[in-house]
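Participant:
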Amino acid sequence: MTVSRETLEALESLGLTDYETRTYVALNSIISGTATEISQASQVPRSRIYNILKSLAGKGFLEINRGKPLTFTVIPPHEVFEKNRNNIRRKLERAEAELNVIYENQIPQVPAPIWILHGPDKIVNKEMEIISRAKKSIFVMGGLMFPGEPAKLGMNLQKTLKKGIDTRILTAPTCNVDGVEVPVMEVLKELPTETKFFPVPYIKLVVRDRQEMLIAFCKLSGKTAISETAICIWNQYEEFVDTIAGIYDFIWSMDFFSQDFNLKKSSDKFSD
Numbered sequence: 001m002t003v004s005r006e007t008l009e010a011l012e013s014l015g016l017t018d019y020e021t022r023t024y025v026a027l028n029s030i031i032s033g034t035a036t037e038i039s040q041a042s043q044v045p046r047s048r049i050y051n052i053l054k055s056l057a058g059k060g061f062l063e064i065n066r067g068k069p070l071t072f073t074v075i076p077p078h079e080v081f082e083k084n085r086n087n088i089r090r091k092l093e094r095a096e097a098e099l100n101v102i103y104e105n106q107i108p109q110v111p112a113p114i115w116i117l118h119g120p121d122k123i124v125n126k127e128m129e130i131i132s133r134a135k136k137s138i139f140v141m142g143g144l145m146f147p148g149e150p151a152k153l154g155m156n157l158q159k160t161l162k163k164g165i166d167t168r169i170l171t172a173p174t175c176n177v178d179g180v181e182v183p184v185m186e187v188l189k190e191l192p193t194e195t196k197f198f199p200v201p202y203i204k205l206v207v208r209d210r211q212e213m214l215i216a217f218c219k220l221s222g223k224t225a226i227s228e229t230a231i232c233i234w235n236q237y238e239e240f241v242d243t244i245a246g247i248y249d250f251i252w253s254m255d256f257f258s259q260d261f262n263l264k265k266s267s268d269k270f271s272d
């Protein structure tokens, strides 16, 4: 029985050799069999098949049934893949946590910790990365929101809220990007955090723990933002970041940004 190249590559990614892959695929087609039967089905040499079967058993791909002769029964693919998927996920999570510690400790040591990023995807990915590292506070000013970004932002901020992180959002109700209206308020209004909606200019600001920040902007065509021109500055100059955070605090406390502000007026004002 033949399978696609993608399936073969998937099995190889789980650590199977060529012979092991051929043997496991063949065993799925006969479910259970003796070494001779499996050798014939897989076209793996009889002299190699026992070692291959023992190796597959050790890796959790089949079971050995005692008797004369020995028989070998395949473990269903969904069980095999689920177990390996969980193992891979755990390894990736541990590796990510370990490398993040190294990464986060090293960034402040860079002589000039300022980077320029271009394009919506890179900017949004960096934004979510910064939010994921928050330990005490996250401040967001969302005058510039790309399509799909509010949903990603909401999902990531839910995680910070569960950690008890001080989270505040000051954002425009909608944002027009490339002629598409991004429904920011509609997506974020139910988020259980301090959120104020106001016609913020076309600029994005994210401040983490008063230690790291991202500020993004782009060219405009009338009242719509041109996403392909988007650029952002990401830095960890703590003195500068703390200054910007102070300005954010000042703006946040101003009366016309109060949470009692009439959202309909806000939307009308934004569309003027």
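Residues 1 to 272 in full-length UniProt numbering are what the sequence shown lists, from first letter to last.
For each residue, glycine too, the CB sits at the ideal point set by N, CA and C.
Just so we're clear, the structure is a prediction, and the values are computed from it rather than from any experiment.
#1: Between Pro-77 and Arg-66, what straight-line distance do the alpha-carbon atoms span, to the nearest angstrom?
#2: Quick one: Cα of Asp-272 to Cα of Ser-221, how far?
#3: How would you write the range of the alpha helix (DSSP H) that Ala-26 sits in, first residue to last?
#4: Can you round the beta-carbon distance between Val-241 and Val-206 to whole angstroms, since I take them to be within the 8 Å contact cut?
#5: Checking 7 Å against the spacing of the C-beta atoms, do residue 278 and Gly-143 come in under that value?
#6: Once the 5 residues before and after Leu-62 are set aside, which same chain residues still bring their CB inside 8 Å of it?
#7: Following the continuous beta strand (DSSP E) through Met-213, name the residue where it begins and the one where it ends.
#8: Between the Cα of Asp-209 and those of Thr-224, Cys-218, Pro-201, Arg-168, spot the shortest distance and give me the residue it belongs to.
#9: Could you give the distance in angstroms between the alpha-carbon of Asp-260 and the alpha-carbon of Met-141?
#10: Taking the beta strand (DSSP E) that Leu-153 belongs to, which residues open and close that run?
#11: Taking the continuous beta strand (DSSP E) assigned at Gly-142, which residues delimit it?
#12: So Val-3 is in the beta strand (DSSP E); what residue range does that whole segment cover?
#13: Going by other Cβ atoms of all chains shown within 10 Å of its Cβ, with 16 needed for buried, is Gly-58 buried or exposed?
#14: Tell me whether the beta-carbon of Val-177 lies closer than 7 Å to the beta-carbon of Ala-134.
#15: Does the distance between the C-beta of Pro-77 and the nearest non-hydrogen atom of the ligand FMN fall short of 6 Å?
#16: With a Cβ-Cβ cutoff of 7 Å, do Ser-132 and Asp-166 count as a contact?
#17: I'd like the span of the alpha helix (DSSP H) that includes Thr-36, first residue to last.
#18: Got a sec, what are the start and stop residues for the beta strand (DSSP E) Arg-46 sits in?
#19: Classify Leu-188 as helix, strand or coil using the three-state DSSP reduction.
#20: Please determine, among Asp-249, Ile-231, Gln-43, the residue with the shortest C-alpha to C-alpha distance to His-118.
#21: Can you give me the start and stop residues for the alpha helix (DSSP H) that Lys-126 sits inside?
Facilitator: Taking the geometry as given:
#1: In the sequence shown, counting from the first residue as 1, residue 77 sits at position 77. In the sequence shown, counting from the first residue as 1, residue 66 sits at position 66. Between the C-alpha atoms of Pro-77 and Arg-66 there is a straight-line separation of about 22 Å.
#2: Mapped onto the sequence shown, residue 272 falls at position 272. Mapped onto the sequence shown, residue 221 falls at position 221. At Asp-272, the pLDDT of 45 sits below 50, so the modelled position is not reliable; the number obtained from the coordinates is stated separately. Computed Cα separation, rounded: 15 Å.
#3: Residue mapping note: residue 26 aligns to position 26 of the sequence shown, counting from 1. DSSP places Ala-26 inside the alpha helix (DSSP H), whose first and last residues are 18-30.
#4: As a position in the sequence shown, residue 241 is number 241, starting the count at 1. As a position in the sequence shown, residue 206 is number 206, starting the count at 1. No, Val-241 and Val-206 are not in contact; Cβ-Cβ is about 11 Å, not under 8 Å.
#5: Nothing about residue 278 can be read from this structure; the chain reaches only from 1 to 272.
#6: Counting from 1 along the sequence shown, the entry for residue 62 is found at position 62. Cβ within range, chain order: Tyr-24, Leu-27, Leu-53, Leu-56, Phe-72, Thr-73, Val-74, Ile-75.
#7: As a working note, residue 213 is residue 213 in the sequence shown. Per DSSP, Met-213 belongs to the beta strand (DSSP E) from 212-217.
#8: The residue you call residue 209 lines up with position 209 of the sequence shown. Nearest C-alpha to Asp-209 among Thr-224, Cys-218, Pro-201, Arg-168: Arg-168.
#9: Mapped onto the sequence shown, residue 260 falls at position 260. Mapped onto the sequence shown, residue 141 falls at position 141. Its pLDDT being 44, under 50, Asp-260 is placed unreliably by the model, and nothing is read from it.
#10: Numbered from 1 along the sequence shown, position 153 holds the residue referred to as residue 153. Leu-153 -> not in any beta strand (DSSP E); alpha helix (DSSP H) instead, spanning 149-162.
#11: Counting from 1 along the sequence shown, the entry for residue 142 is found at position 142. Per DSSP, Gly-142 belongs to the beta strand (DSSP E) from 137-142.
#12: Along the sequence shown, one-based indexing puts residue 3 at 3. Here Val-3 belongs to no beta strand (DSSP E), and DSSP marks it neither H nor E.
#13: By one-based count along the sequence shown, residue 58 stands at place 58. Exposed.
#14: As a first step, residue 177 must be located in the sequence shown, where it is residue number 177. As a first step, residue 134 must be located in the sequence shown, where it is residue number 134. Taking 7 Å as the cut-off, the beta carbon of Val-177 is found no closer than this to the beta carbon of Ala-134.
#15: The ligand FMN is absent from the structure shown, which contains no ligands of any kind.
#16: Working through the sequence shown from its first residue, we reach residue 132 at position 132. Working through the sequence shown from its first residue, we reach residue 166 at position 166. With respect to the 7 Å criterion, Ser-132 and Asp-166 are not classified as neighbours on the basis of their beta carbons.
#17: For the purposes of this step, residue 36 is taken as the residue at position 36 of the sequence shown. Counted as a single uninterrupted DSSP element, the alpha helix (DSSP H) harbouring Thr-36 occupies residues 35-42.
#18: Position 46 of the sequence shown, counted from the first residue, corresponds to residue 46. It is not in any beta strand (DSSP E) - Arg-46 instead sits in the alpha helix (DSSP H) that spans 46-58.
#19: As a working mapping, residue 188 is identified with position 188 in the sequence shown. DSSP places Leu-188 in helix when its eight states are reduced to three.
#20: Stepping through the sequence shown from its first residue, residue 118 is reached at position 118. In terms of CA proximity to His-118, Ile-231 leads the group Asp-249, Ile-231, Gln-43.
#21: Translated into the one-based positions of the sequence shown, residue 126 becomes position 126. That run of the alpha helix (DSSP H) goes 120-132.
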